[in-house]
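Contents: one structure, followed by commentary.
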Amino acid sequence: MASRRKKALTCEEILELVFQSDDESDCDDDPEATSDHDSGDDESDATDDKLGKLRPVLDYIIKSIGSAYSPEEGLAVDESLMKFRGRLAYVQFNPSKRARFGVKFYKLCESASGYCLNFSVYTGKCEQTTATIGMLCSEAVVINLVGDRLTDGHTIYVDNWYSSPLLFLHINQAGSNAVGTVRVHRKNMPKELKKMKLKKGECKAFFSHGIMALTWQDKKPVNMLSTCHNTASVTDTGKKNRQSGLPVLKPQVVQDYNRGMGGVDREDQQLASFPIMR
Numbered sequence: 001m002a003s004r005r006k007k008a009l010t011c012e013e014i015l016e017l018v019f020q021s022d023d024e025s026d027c028d029d030d031p032e033a034t035s036d037h038d039s040g041d042d043e044s045d046a047t048d049d050k051l052g053k054l055r056p057v058l059d060y061i062i063k064s065i066g067s068a069y070s071p072e073e074g075l076a077v078d079e080s081l082m083k084f085r086g087r088l089a090y091v092q093f094n095p096s097k098r099a100r101f102g103v104k105f106y107k108l109c110e111s112a113s114g115y116c117l118n119f120s121v122y123t124g125k126c127e128q129t130t131a132t133i134g135m136l137c138s139e140a141v142v143i144n145l146v147g148d149r150l151t152d153g154h155t156i157y158v159d160n161w162y163s164s165p166l167l168f169l170h171i172n173q174a175g176s177n178a179v180g181t182v183r184v185h186r187k188n189m190p191k192e193l194k195k196m197k198l199k200k201g202e203c204k205a206f207f208s209h210g211i212m213a214l215t216w217q218d219k220k221p222v223n224m225l226s227t228c229h230n231t232a233s234v235t236d237t238g239k240k241n242r243q244s245g246l247p248v249l250k251p252q253v254v255q256d257y258n259r260g261m262g263g264v265d266r267e268d269q270q271l272a273s274f275p276i277m278r
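Going by full-length UniProt numbering, the sequence shown opens with residue 1, and the numbers climb by one from there.
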């Protein structure tokens, strides 16, 4: 038995089904009824946070890890990449990282143990607060991560993406110290550092407002900023040159930086034992 074909609806009939008249609308039966579209618009206007649905969970985790442990003096600020290849607007590509593709985190970790005290997820924009108005995004990241610990007398280690004389002055005036590599073209850096030529092993330092700016000639120039070093002394590292057998000498600020900056790397190594991405 042949099946009967249903009569195709005309455009007018389709419109009548989709757009009901006022007399047939269900909303008119209840004068207090509200439209789902209206409530959705209000929510979308309220926030543009890409992590809005996760924000309560993230805030709870950050509060818990921050209050569960009292760190030692040395703290390190650095970025980390969590492997992720899914469809996400803020997935980052970093060829220098093992994961290469993933979600970027800014982390504050204890230098000695690698314990994570605070973190933020990078979603493509700089998070400014009242405490970071007028600062660069890189400077604001450090201030926001350290938070209330800024007045606790810590020594904060950062690399050259974050370092600047303005950031170090702010940290020093708040009651803590900062040590880090720095780019010579940062604003307020000594002009002499840009043109200085030294022989291998030589170093030169400049002092201003409690901040030491040092350049040391290794295979390449190494530029440092510090608020807790007041001398450009070169000390023995305890190692020897493989070719000459002579002791390896480095400025004390460089040795302290190498010891203190590894907090985030230690945390990443520990997380590698507990893979969450398959």
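Don't be surprised by glycine CBs; every beta carbon is placed ideally from N, CA and C.
Computed from a prediction, not measured in an experiment: that's the story for all the values here.
Spatially closest choice to residue i from the options, by CA coordinates
i, options, result
"N188", "L225, F119 and P95", "L225"
"K200", "L249, S96, D159 and K191", "L249"
"D256", "L271, S244 and S233", "S233"
"S185", "N94, S163 and Q173", "The sequence shown places His at residue 185, rather than the Ser named in the question. Checking every option, the nearest Cα to that of H185 belongs to S163."
"T215", "H229, T227, N230 and L193", "L193"
"T181", "S64, L198, R242 and N160", "N160"
"N177", "I61, L75, P190 and V141", "L75"
"residue 283", "Y157, Q173, S96 and S244", "Not covered by the structure: residue 283. The range shown for the chain is 1 to 278."
"S138", "G245, Q243, V254 and L166", "L166"
"H170", "Q252, S70, S273 and A131", "A131"
"E72", "L51, L198, D152 and R100", "D152"
"G66", "P95, A213 and N118", "N118"
"P221", "K204, T231 and T227", "K204"
As assigned by DSSP and simplified to three states, the class of residue i
i, result
"V57", "helix"
"N160", "coil"
"C116", "strand"
"A99", "coil"
"T123", "coil"
"K83", "strand"
"F168", "helix"
"I133", "coil"
"P31", "Note that P31 scores 42 on pLDDT, short of 50, meaning its location in the model is unreliable; the coordinates nonetheless yield the value given after this. Here P31 sits in coil by DSSP."
"Q243", "coil"
"K194", "helix"
"Q270", "helix"
"Q128", "coil"
Per DSSP, cross-strand counterpart(s) of residue i
i, result
"D78", "K107"
"T181", "M224"
"V234", "P251"
"Q217", "P221"
"K204", "T215"
"Q173", "None; Q173 has no bridge partner."
"T151", "T151 pairs with nothing; no bridge assigned."
Check: residue i C-beta below 7 Å from any heavy atom of the ligand NAP
i, result
"F93", "This structure lacks the ligand NAP, and indeed carries no ligand of any kind."
(Q) Three Cβ pairs or more, each shorter than 8 Å: is that satisfied between the region 52-65 and the region 218-238? (A) no
Q.
When you compare the region 98-107 with the region 66-86, are there three or more beta-carbon pairs, one atom per stretch, that lie closer than 8 Å?
A. yes
Q: Kindly confirm or deny that the region 110-123 and the region 253-264 touch, where touching means at least three C-beta pairs closer than 8 Å.
A: yes
Q. Do the region 201-209 and the region 135-150 make contact, defined as three or more Cβ pairs closer than 8 Å?
A. no
Q | Sufficient close CB pairs (3 or more, under 8 Å) joining the region 119-130 to the region 85-98 | A | yes
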